[in-house]
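The structure under discussion appears below in the form of structure tokens.
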Amino acid sequence: MGGIARLWVNPCVALPPWADPRPIAALHHFPYITTAEGGMTADQMVIVQPYDAAAWDDFYQALLHVIEDPVCYSSAGCAIHGR
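Following this line, the structure appears as structure tokens:
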């Protein structure tokens, strides 16, 4: 199998689910990553763009419902939702 394996981990995954990633993205100038051809699949090339406040704001607005009410994955209870 040929090719180049690439892995980029969004630093925002280190934040609690309810955290706003924009201030940290601005402080550290996180790049904004998009795919060359729609959709985030492993087969597609990605484009790493320099830090862009407007792009991070679009990201935040698109995921606001998840930030305000994160998904619970634990069947043992959730500290965020008190269940």
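Position in the sequence shown (first residue = 1) + 984 = the numbering used here. Heads up, the beta-carbon is just placed ideally off N, CA and C, and yes, glycines get one too.
Original post:
By Cβ distance, which residues of its chain are closer than 8 Å to A1010, with the 5 residues on each side in sequence left out?
Top reply: Counting from 1 along the sequence shown, the entry for residue 1010 is found at position 26. Its chain contains Y1035, A1037, W1040 as the residues whose beta carbon lies nearer than 8 Å to that of A1010, once the 5 sequence neighbours on both sides are disregarded; these appear in chain order.
Original post:
Is DSSP giving M985 helix, strand or coil here?
Top reply: As a position in the sequence shown, residue 985 is number 1, starting the count at 1. With a pLDDT of only 44 at M985, under 50, the local geometry of the prediction cannot be trusted, and the value read off the model is given with reservation. Residue state, collapsed to three classes: coil.
Original post:
Count the other CB atoms within 10 Å of the CB of P1005; is the residue buried (16 or more) or exposed (fewer)?
Top reply: To locate residue 1005, count along the sequence shown from 1; it is residue 21. Burial call: buried.
Subject >> Supposed contact pair P1054 and P1007 - C-beta distance, whole angstroms, cut 8 Å >> reply: Taking the sequence shown and counting its residues from 1, one reaches residue 1007 at position 23. Taking the sequence shown and counting its residues from 1, one reaches residue 1054 at position 70. The pair is not a contact, with the Cβ atoms about 18 Å apart (cut-off 8 Å).
**OP:** Measure the alpha-carbon distance for D1042 versus C1056 and round it to whole angstroms.
**Re:** Along the sequence shown, one-based indexing puts residue 1042 at 58. Along the sequence shown, one-based indexing puts residue 1056 at 72. Going by the C-alpha atoms only, they are around 24 Å apart.
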